[in-house]
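**Q** Next up is a structure, given as structure tokens.
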Amino acid sequence: MSQQIDALIDVAKLETFLRGKLPAQDGDLTVEKHQAGFSNETFYVSWGPKQWVLRRPPRGDILPTAHDMLREFRVLSGLAATGVRVPRPVVACEDLAVIGAPFYLMERLAGVVIREQLPPEFDAMSDRKRIGEELIDALAELHAVRWQETALATLGKPEGFLPRQLRRWAGQLELTLPRTRPLPGLQEVSEWLTAHLPEQSATSIVHGDYKLDNVMFTPHPAKLVAIFDWEMATLGDPLADLGWVMTYWGPTGDPPEPEPKESNHITSQPGFHSREELVARYEEKTGRTMKHFAFYHCLAVWKLAIILEGLYRHYIEGTASNPKANEFEWKVPQLVDRAHRIMAGAA
314 MSQQIDALID VAKLETFLRG KLPAQDGDLT VEKHQAGFSN ETFYVSWGPK
364 QWVLRRPPRG DILPTAHDML REFRVLSGLA ATGVRVPRPV VACEDLAVIG
414 APFYLMERLA GVVIREQLPP EFDAMSDRKR IGEELIDALA ELHAVRWQET
464 ALATLGKPEG FLPRQLRRWA GQLELTLPRT RPLPGLQEVS EWLTAHLPEQ
514 SATSIVHGDY KLDNVMFTPH PAKLVAIFDW EMATLGDPLA DLGWVMTYWG
564 PTGDPPEPEP KESNHITSQP GFHSREELVA RYEEKTGRTM KHFAFYHCLA
614 VWKLAIILEG LYRHYIEGTA SNPKANEFEW KVPQLVDRAH RIMAGAA
């Protein structure tokens with residue numbers, strides 16, 4: 314573990330940097346690597362009584378995403394005074410001489426991120442209900458932010474979000490399929506989405522990867538206290554976030570769908586709200602019509618299938634970093650089938 318830290322964090326240089334930016338603390342600065350996730354690297358930093366989280370890009374990924382960390386810090390800073398449930402940003406650094414990559418620190422919060430199984434402290438039926446309600450309520454709060462009045466008004470282009478999404482991911486699909494396998498059903502989904510493109514429902518700050526394992530809860534009763542992983546945040550259509558979180562939410566009472574995330578199996582258990590109930594709650598909280606929600610749900614499933622097919626390509630080529638990438642051989646076709654069921658239900 315210390316070798317992993319040494320390869321990504323020069324602890325002595327980090328401490329020198331922090332001494333120049335923050336009040337000095339007693340004792341040595343220590344760093345511990347957080348093991349979850351396959352995207353940006355996350356570390357726990359302790360210095361005296363202070364507890365922080367450090368985020369930096371993976372090793373060797375300085376370009377073209379070198380400023381993702383600074384952008385994420387900007388998003389957290391812009392949301393800090395809005396009431397959105399985010400950890401407090403502390404300091405950012407773009408000087409590569411410190412640890413070899415841009416990074417930032419945010420406060421470390423006490424709580425639980427629900428990943429592979431439901432923790433015992435959240436097992437009560439009332440908490441299972443609250444987990445879904447809190448997930449939707451926090452999303453509605455984000456989408457209610459008057460983004461024009463914040464420092465995030467230039468975070469992205471307010472108009473044309475959906476057509477850009479279709480172009481981007483269709484282009485990614487064209488690059489991926491020649492290196493993996495024929496998936497005509499996925500291309501049929503592309504055509505359906507293009508034919509059923511609605512007008513943008515609204516413009517809001519969009520998280521871009523909103524789901525159960527990107528938020529933190531505290532128990533007794535279950536309360537969502539923080540939303541993490543803001544590197545995909547932009548200005549766009551808020552219903553894209555709702556479609557995405559429902560892609561990872563299990564169909565309560567039915568056999569768990571073979572999704573690529575264990576959280577789907579968690580929320581398929583008795584006591585959790587159904588997708589339909591959560592979509593209705595979002596509609597009630599925001600006043601937005603769900604007339605075209607099938608499009609947004611299908612868009613999310615299609616996008617996820619394309620992302621996972623790209624990861625499957627890395628598995629085929631022997632360059633995969635995700636240890637479960639071999640499973641995408643069968644999970645992607647199942648996502649394609651799910652997209653077709655959504656399309657059929659919208660007919």
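In this text, residue positions in the sequence shown follow the numbering used here: the first is 314, and each later residue adds one. Glycine included, every Cβ here is placed at the ideal spot set by N, Cα and C.
(1) Between which residues of its own chain and P432 is the CB-CB distance below 6 Å, once the five residues before and five after are set aside?
(2) Please report how far the alpha carbon of A593 lies from the alpha carbon of M603, in whole angstroms.
(3) Are there 16 or more other CB atoms within 10 angstroms of the CB of A410, so buried, or fewer, so exposed?
(4) Where does the unbroken alpha helix (DSSP H) through W615 begin, and where does it stop?
(5) At the level of alpha carbons, what is the spacing between L548 and L321?
(6) Can you tell me whether A414 is buried or exposed? The criterion is at least 16 other CB atoms within 10 Å of its CB, across all chains shown.
(7) Quick test of your reading: W557 and M656, contact by CB under 8 Å. State the CB separation rounded to the nearest angstrom.
(8) Identify whether P568 lies in helix, strand or coil by the three-state DSSP scheme.
(9) Grab the span of the beta strand (DSSP E) containing R368 for me, first residue to last.
(10) Got a sec, what are the start and stop residues for the beta strand (DSSP E) G549 sits in?
(11) Please report how far the alpha carbon of A546 lies from the alpha carbon of L648, in whole angstroms.
(12) Locate the alpha helix (DSSP H) running through K598, then write down its first and last residues.
(13) Would you call the CB atoms of V538 and R398 closer than 8 Å?
(14) Closer than 7 Å by C-beta to S514: which residues in its own chain qualify, once you throw out the five before and the five after it? Chain order, please.
(15) For the segment 358 to 366 against the segment 380 to 390, are there 3 or more C-beta pairs whose distance is under 8 Å?
(16) Measure the CB-CB distance between T493 and R626 and report whether it falls below 8 Å.
(17) Based on DSSP bridge pairs, tell me the residues matched to W360.
(18) From the DSSP secondary-structure annotation, give me the bridge partner or partners of V419.
(19) Would you tell me roughly how many angstroms separate the C-alpha atoms of P476 and P646, rounded to the nearest one?
(20) Put E454 into one of helix, strand or coil per three-state DSSP.
(21) Starting from L537, follow the beta strand (DSSP E) in both directions and report where the run begins and ends.
**A** Taking the coordinates as given:
(1) V425
(2) 8 Å
(3) exposed
(4) F606 to I629
(5) 32 Å
(6) buried
(7) With 8 Å as the limit, W557 and M656 do not qualify as a contact, their Cβ atoms being about 17 Å apart.
(8) Low confidence applies here, because P568 scores a pLDDT of 47, under 50, leaving its location unreliable; read the following figure in that light. Coil at P568, not helix or strand.
(9) Looking at the DSSP string, the run of the beta strand (DSSP E) that includes R368 is K363 to R369.
(10) T547 to G549
(11) 24 Å
(12) R588 to T599
(13) Their beta carbons are under 8 Å apart, which means V538 touches R398 by this criterion.
(14) For S514, where only same-chain residues beyond five positions count, the Cβ hits under 7 Å are D550, P551, L552 and R601.
(15) No, the segment 358 to 366 is not in contact with the segment 380 to 390.
(16) Their beta carbons are under 8 Å apart, which means T493 touches R626 by this criterion.
(17) L342 and K363
(18) For the record, residue 419 in the displayed sequence is Met; it is not Val. Answer is V366 and P402, bridged to M419.
(19) 24 Å
(20) In the structure shown, E454 sits in a helix (DSSP, three-state: H, G or I).
(21) K536 to I540
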